[in-house]
Every structure is written in C-alpha cells, then in structure tokens.
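Asks:
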Amino acid sequence: MASPFLLLLLLIPLCLLVLFLALSFLARPKSVRIPIKNRHVLITGGSSGIGLALAKAAAAQGAHVSILARNAKRLEEATEEIKLATGHMARVLVADVRDPQAVAQALEEAGPVDVLVCNQGVFVPMELEKQDLEEAKFMIDVNLMGTFHLIKAALPGMKSRARETGLPASIAIMSSQAGQVGVYGYTAYSASKFALRGLAESLQQEVIAHNIHVSMIFPPDTATPGLAEEQKKRPELTTIIAGSSGEMKAEDVAKKALDGLKEGQFIIPCNFDGTMLAIATAGLSPQRSAVTALFEVLGAGFMRFVGIGFQWNWYSTIQNWHAKR
Amino acid sequence: MASPFLLLLLVIPLCLLVLFLALSFLARPKSVRIPIKNRHVLITGGSSGIGLALAKAAAAQGAHVSILARNAKRLEEAREEIKLAMGHMARVLVADVRDPQAVAQALEEAGPVDVLVCNQGVFVPMELEKQDLEEAKFMIDVNLMGTFHLIKAALPGMKSRARETGLPASIAIMSSQAGQVGVYGYTAYSASKFALRGLAESLQQEVIAHNIHVSMIFPPDTATPGLAEEQKKRPELTTIIAGSSGEMKAEDVAKKALDGLKEGQFIIPCNFDGTMLAIATAGLSPQRSAVTALFEVLGAGFMRFVGIGFQWNWYSTIQNWHAKR
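Going down the list, the sequences are from chains A and B.
Counting from 427, one number per residue, gives the positions in the first sequence under the working numbering.
Counting from 958, one number per residue, gives the positions in the second sequence under the working numbering.
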C-alpha cells in the first residue's frame, strides 16, 4: 500500500497546479505588452529625481519624451542632461499640475500621449498636530489633484491615439511605499498616495475598454533632491520607523517603473521589501500575471503575520521613545 | 506506533495555538475600552443618514452629543428627532468642513471632544472622463480635507481632555467599501476614501501616546438620503458592479460603528461582505484583537483568491457591456 506521506507529497504539487490553472483563467485584465519605442511618453515632475531618470530611460529606449514641471530653468537643464545622455531632444512643458487650465493647455501643446507618467510629488513629513494645514493641502493638491488634472486632460487624446494606432496605451502613477502603509509623520503624504490607489483601481475599470492600462509604482525612499529636502525636516520617530526600508537610486526605480508599465503591471514594487509589501497589501487590486497571483495567494497569510510583526515593532518603538521623555 | 493521520490531527491544532499565542503577543496597539456614557461625542454630517443614526445611538447610550453640518435648518430638525427619540438635547454646530476657520470655530464652541466621528461625506459616481473636475474636487475637499480640518481642530482639546480624565478618546472616520476597493465610476470617491486610510494608519501612530484611538468604518451602500441622490446619477456599469454588496440600514451601520469604536477597533466592517473585504484588504493595518488577527492570517490567501475572482467577474462584465454597443 502506498505510503501516506508519498500521497501527501503528490497532493501538494497537484493542488498548486490546480490553483495556478484557476488563477490563469481568472487573472484580469489580461496580459498586455506596451511598446514605448517611437511613442510619446509624457513625464511630470520630469526635471529631477525619478522623473528625470525615467525620461532618460525612456529616451534611451527610443521614445519621444515630453517632460512637464513648474520651473522652466530646471526643465531646460533637464533637457540638456537628457540630450547628453541619450541624444534625444525632449519636449519641455511648463505647468503647475495644481492648475487644471495650465495642465489642459500643456497637454494640448504636447499632443496625444501614448504613455502618461504622473510622477510629480511633494513630501513634507510632520505630525498632523504640528503640521500647517496649508502644507497638508499642498501635498494633496500636487500629488492627488494634480494627477486628476493630468489624466482628465490627457484621456481624450490617449483614447483616440490608441484607437488610431491599435496600440495599447499606459497611465503610470507614481505612488510610494507610503501608499501601502501609513506611518508616523505621514498623515498627508500617505493620504495623497493611498488616494492614488483608489483612483487607479477605479480608473482601470473605466479605461480598459479603450486599451489603456493603468500602472502604479511603489518605490521606497529614493536618492533624489526631493529626499534630501525632506530628510531635513523629518520628525525623529519618522526616521526611525521609515528607515526600515532601504534607499534606492533613481535610475533603478526608473528601470523597474518602465519594465513594469510595459507589461501593464498594475502594482509595480521596486525592491524586495516592496515586493513583500505588495503581497501584504494586494487587497482587491487587479492582477494580470498568474504567477504573481499564485505568490500573492500563497504568501498573503504569512505577509499578514509579518505585517502585524512590523506594527508590534513600530508601536513598541513609539512607546519607548515617549517613555524616555 | 501512532497513526500518521493522528499525528497530523494533533499538529494542526498545535500550530494554530502557537500562531494564536504569537499573535496575542504581537498584536498592537493593545486592546482598549472606550466608554461613551456622559462623554462628549461630536458627529459631523450629523443631520441625516448614518450621522443622525449615530447621534441617536450615542444619545441612547448616555453620551453628550454634538452634531455638525452645513445646513442650520436640517440640524434643527435633526435635533428635534434626537430629542423625540432619546430625550437628549444635542448641541448644534453649523459649519462647512471645507473651511478650516469655520471648523476651528465650531470645535472651539463645542468644547473638548472625547469621541470625534468624522462622518461627513459626499458621493457623485461618474466616469472620470465625463466628470467635472469641480465635482471630483468637491468629494476630495469634503471627504478628505474636511477630515483633516476636523482632526487638526479637535486634537488639542482631545489630548488635554484625555490627559485630565485619564480616559481613552476616539477618532472615528467614516470610510466605505469604496475605500477598500475602487470600481467603475468611483475614481474621485474611492480616492477620497482610500486617502482616509493613509491618514488613519499614520495618525494612530502619532496619537497612541495621547491615549487617542483611531477607528475606520467601512459600510456598504446604506439607505440614506445621500444614497437616493447618488443612485439617480450612477453610470449603469457602476450599478451592476457596485450592486455586488448588499444594502444596509443606517441604524445597523451606526450600531456597528459605535460597538467598534468603543473597542478601538481600527477597521470596522459592517456586514459579512465587509468582513471578507476587511480580511482581503487588511494590509499593514494595526490589529488589536488576536482572534481577528488569526482569521486575517488564515483567511488572507483565500480572500486574495476570491478578490481575483471578483475582478474576473467585473472585467468580464465590463467587456460584455461594451461588446453590446
């Protein structure tokens, strides 16, 4: 008679196979390949940091790049950098994303977009008790409303372009690990980044029929001028808690972002921590890849346990910090 | 020799026990009981719908209730209703939550708060492509910025009150199942409700040391004047997709909300669907209850599978709907 252990040994791979086949059937939206060579890629916050790195990476892959930001001088310097690095002359668009008219005008000037990268973002960590409401509003206006303005302005052109060319288009939204978990000092920033996920999950259902594919990128702290500014003002507890995740280089985040949006990946983590966080916070996000879905289903329970462990660590840290005062 | 099946039968409960003990140790923040009898409960959006039901329920439990809303006449009518139902004379505060000065003034007039229920909300479902940006801004301003204004204004009083009385305080934030998953027509509404979660996760870490406990309530469609208005304008696809979850009565949502905030429960679902959604979207939320944590860890993987199944259903619905046009 066959050993029961042998049966168990066979049952497990069999269950995994059945699960994988079920996920392959269920995973929606379906897989897509989004080319960027010779296509119009518009990147906001494109004059520095991750945006500039994205512009260079896209140009290197043969895209026609437009960069949008507030500061004309920094934009000019950025086009110089892109030209030196890739030989590509990026188009420059000056606009404050908080102003819907300025955004509409800039998008009109830019012409129809194939890949819209809503990457602009500001970040001022501070306890809500101490933070100026104006500063909180600033983050919501730039990070969230700015993204609404951009998508609203770009959508008609993107739809008709996708229809004419028959090629899939992309709306890629820069979030943050702060858009997966909120920690001390992050009320407004996490609010703005969490919001983008609600926007994106709904938007994907609205635009899938137009062959437009929504992606969100979730980097950790990234070595940019923005980060340097932000670290000057961070509350101490924020540094201790948010320091849990490693720092990344802008070029590496840009690479992950581009690779991910070209696959229409809805949630794009940028490093190992990010991948674990993505499994923990997969929620009801759409998942095109059956393999990733399998990892999500198998890893979700363990990651919830790990997440509870992190909160134990963070709340203990907060308790100890206060006990010392 | 003991049967291997018997061993397995013993190993499983043993593992569950070890897991439960580990979660009991790790679960943070710790359990809390927040009394509301004879304490000051301030409810925004308190003149109708869930807010009014909350006001009645809190008054029935002996709380001193303040209700805040924009419309003085409706507030007076609400006060009458509460008096008739509970014999309690609620305080009335007239303010538009979008105006930080008006909110600060109202909170000053109200005096220190023990339980702040940020319940105001507006909801206009529409495809982003068709929706007026002003309408999107309206939802973000009322649902999200309004909540920032309220918490900012109430915090100093809540802190000193909690310190004087030695009793735990509560900040309860009305979210929605639309704050757990974004669907067709919900870009701005889901954005505003997802944002509240980023706010709440961060806020809890900032205020735990002041004995203030943050809760979020996630009702489905609830039979209120607000819902009646909203259903007039819903896109057809939104009705089909969002109709997946059942409707609830305002009184039942209010009961769940009060019961949950009195336990300092961070995520308060209101019905069975909501509980399943809560497990699926537990993410890195704090969890005080080891029992709930156990269900989250054990159920996360299965709920991810179910979530992927829902997306298969929704995207198929969207595809079929478009195919018919």
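Cβ coordinates follow ideal geometry from the N, Cα and C atoms, glycine included.
Using DSSP bridges, identify the partner residues of A/Cys-544.
Replies: Partner(s): A/Ile-599.
Asks: From the DSSP output, in three-state form, read off A/His-466 for me.
Replies: Strand.
Asks: If you drop the 5 nearest sequence neighbours on each side, which residues of the same chain put their C-beta closer than 8 Å to that of B/Phe-1175?
Replies: Here the set comprises Ser-1132, Ser-1133, Gln-1134, Gly-1136, Gln-1137, Ile-1224, Ile-1225, Pro-1226, Cys-1227, Gly-1231, Leu-1234 and Ala-1235.
Asks: In or out: B/Gln-1161 buried (at least 16 other Cβ within 10 Å) or exposed?
Replies: Per the 10 Å Cβ criterion, buried.
Asks: Taking only beta-carbon atoms, is A/Pro-455 less than 8 Å away from chain B?
Replies: Answer yes: the Cβ-Cβ gap between A/Pro-455 and chain B drops below 8 Å somewhere.
Asks: What does the Cβ neighbour count give for B/Lys-1013, buried or exposed, with the cut at 16 atoms within 10 Å?
Replies: The residue in question, B/Lys-1013, is buried, as its Cβ has 16 or more Cβ neighbours within 10 Å.
Asks: Assuming A/Phe-721 and A/Ile-744 form a contact by the criterion Cβ under 8 Å, report the distance between their Cβ atoms to the nearest whole angstrom.
Replies: Contact doesn't hold; Cβ gap of about 32 Å is too wide.
Asks: Buried or exposed, going by whether 16 or more other CB atoms sit within 10 Å of the CB of B/Gly-1200?
Replies: Per the 10 Å Cβ criterion, exposed.
Asks: Can you tell me whether DSSP reads A/Val-518 as helix, strand or coil?
Replies: A/Val-518: strand per DSSP, three-state reduction.
Asks: Would you please state the rounded distance, in angstroms, between the beta carbons of B/Gly-1142 and B/Leu-1194? I believe it to be under 8 Å.
Replies: Right, the Cβ-Cβ distance comes to about 7 Å (below 8 Å), so this counts as a contact.
Asks: Spell out a yes or no on whether the segment 1256 to 1264 of chain B and the segment 724 to 731 of chain A are touching, meaning 3 or more CB-CB pairs, one atom from each, closer than 8 Å.
Replies: In short, these stretches touch, since the Cβ pair count reaches three.
Asks: I'd like to know whether the C-beta of A/Leu-468 is nearer than 8 Å to at least one C-beta of chain B.
Replies: So, not an interface residue.
Asks: Could you have a look at B/Ser-988 and say whether DSSP puts it in helix, strand or coil?
Replies: Of the three classes helix, strand and coil, the one that applies to B/Ser-988 here is coil, per DSSP.
Asks: Short of 7 Å Cβ to Cβ, which residues in the segment 1099 to 1122 of chain B face chain A?
Replies: The residues in question are Leu-1101, Met-1102, Phe-1105, His-1106, Ile-1108, Lys-1109 and Leu-1112.
Asks: For the candidate residues B/Ala-1237, B/Gly-1266 and B/Trp-1271, whose alpha-carbon lies nearest to that of B/Gly-1258?
Replies: Closest by alpha carbon: B/Ala-1237.
Asks: Check each residue of the segment 571 to 590 of chain A: if its Cβ is closer than 7 Å to any Cβ of chain B, include it; give the result in chain order.
Replies: If the cut-off is 7 Å between Cβ atoms, the segment 571 to 590 of chain A has Met-571, Phe-574, His-575, Ile-577, Lys-578 and Leu-581 near chain B.
Asks: For A/Thr-648, which three-state DSSP category applies?
Replies: Reduced to three states, the DSSP call for A/Thr-648 is strand.
Asks: Since A/Arg-500 contacts A/Ser-473 with CB under 8 Å, what's their CB separation in whole angstroms?
Replies: Yes, they are in contact, since the Cβ atoms of A/Arg-500 and A/Ser-473 sit about 4 Å apart, within 8 Å.
Asks: Give me the Cα-Cα distance between B/Ile-1198 and B/Glu-1086, rounded to the nearest whole angstrom.
Replies: Going from the Cα of B/Ile-1198 to the Cα of B/Glu-1086 covers about 18 Å.
Asks: Residues of chain B with CB under 7 Å from A/Gln-631, in chain order?
Replies: Near A/Gln-631 (Cβ distances below 7 Å), the residues of chain B are Val-1140, Tyr-1141, Trp-1271 and Ile-1275.
Asks: Could you check whether A/Leu-710 and B/Gly-1266 sit closer than 8 Å to each other, using their CB atoms as the reference points?
Replies: No, the pair does not count as a contact, with Cβ atoms beyond the cut-off.
Asks: Work out the CA separation of B/Lys-1150 and B/Lys-1219 for me, nearest whole Å.
Replies: Taking the straight line from one Cα to the other gives about 22 Å.
Asks: Within its chain, find whatever has a CB closer than 8 Å to the CB of B/Asp-1098; leave out the 5 residues flanking it on each side and keep chain order.
Replies: Excluding positions up to five away in sequence, the list reads Arg-1055.
Asks: Taking all protein chains shown into account, do 16 or more other C-beta atoms lie within 10 angstroms of the C-beta of A/Asp-647, making it buried, or fewer, making it exposed?
Replies: Its Cβ being crowded by 16 or more others within 10 Å, A/Asp-647 is buried.
Asks: Could you please tell me which residues of the segment 1077 to 1101 of chain B, in chain order, have their CB closer than 7 Å to any CB of chain A?
Replies: Residues Glu-1084, Leu-1085, Glu-1086, Leu-1090, Ala-1093, Lys-1094, Ile-1097 and Leu-1101.
Asks: At a Cβ cut of 9 Å, what residues of the segment 603 to 619 of chain A count as close to chain B, listed as they run along the chain?
Replies: Taking 9 Å as the Cβ-Cβ cut-off against chain B, the residues of the segment 603 to 619 of chain A that qualify are Ala-604, Gly-605, Gln-606, Val-607, Gly-608, Val-609, Tyr-610, Gly-611, Tyr-612, Thr-613, Ala-614, Tyr-615, Ser-616, Ala-617, Ser-618 and Lys-619.
Asks: Please decide whether B/Gln-1162 counts as near chain A, where near means a Cβ-Cβ distance under 8 Å.
Replies: Cβ-Cβ to chain A under 8 Å: yes for B/Gln-1162.
Asks: Let me know if A/Leu-444 comes out buried or exposed under the rule of 16 or more other beta-carbons within 10 Å of its beta-carbon.
Replies: In the sequence under discussion, the amino acid at residue 444 of chain A is Val, which differs from the Leu named in the question. With fewer than 16 Cβ atoms within 10 Å of its Cβ, A/Val-444 is classed as exposed.
Asks: So does the segment 505 to 520 of chain A actually touch the segment 472 to 489 of chain A, counting three or more Cβ pairs closer than 8 Å?
Replies: Yes, they touch.
Asks: Give the secondary structure of B/Val-1263 by DSSP, where H, G and I count as helix, E and B as strand, and everything else as coil.
Replies: B/Val-1263: helix per DSSP, three-state reduction.
Asks: Using the Cα positions of B/Glu-1187 and B/Ala-1035, report the straight-line distance between them to the nearest angstrom.
Replies: Taking the straight line from one Cα to the other gives about 21 Å.
Asks: Out of A/Ala-530, A/Arg-459, A/Ala-716 and A/Gly-733, which one is the CA nearest neighbour of A/Thr-707?
Replies: The candidate whose alpha carbon is nearest that of A/Thr-707 is A/Gly-733.
Asks: By Cβ distance, which residues of its chain are closer than 7 Å to B/Asn-1028, with the 5 residues on each side in sequence left out?
Replies: Ser-1004, listed in sequence order.
Asks: Residue range of the alpha helix (DSSP H) that B/Pro-1182 falls in?
Replies: B/Pro-1182 -> alpha helix (DSSP H) spans 1182 to 1190.
Asks: Closer than 9 Å, Cβ to Cβ, to anything on chain B: give me those residues from the segment 705 to 716 of chain A, in chain order.
Replies: Listed by position, the residues of the segment 705 to 716 of chain A near chain B (Cβ gap below 9 Å) are Ile-705, Ala-706, Thr-707, Ala-708, Gly-709, Leu-710, Ser-711, Pro-712 and Gln-713.
Asks: Is it buried or exposed, B/Lys-1030, if we count other Cβ atoms within 10 angstroms and call 16 or more buried?
Replies: When all chains shown are included, B/Lys-1030 counts as exposed.
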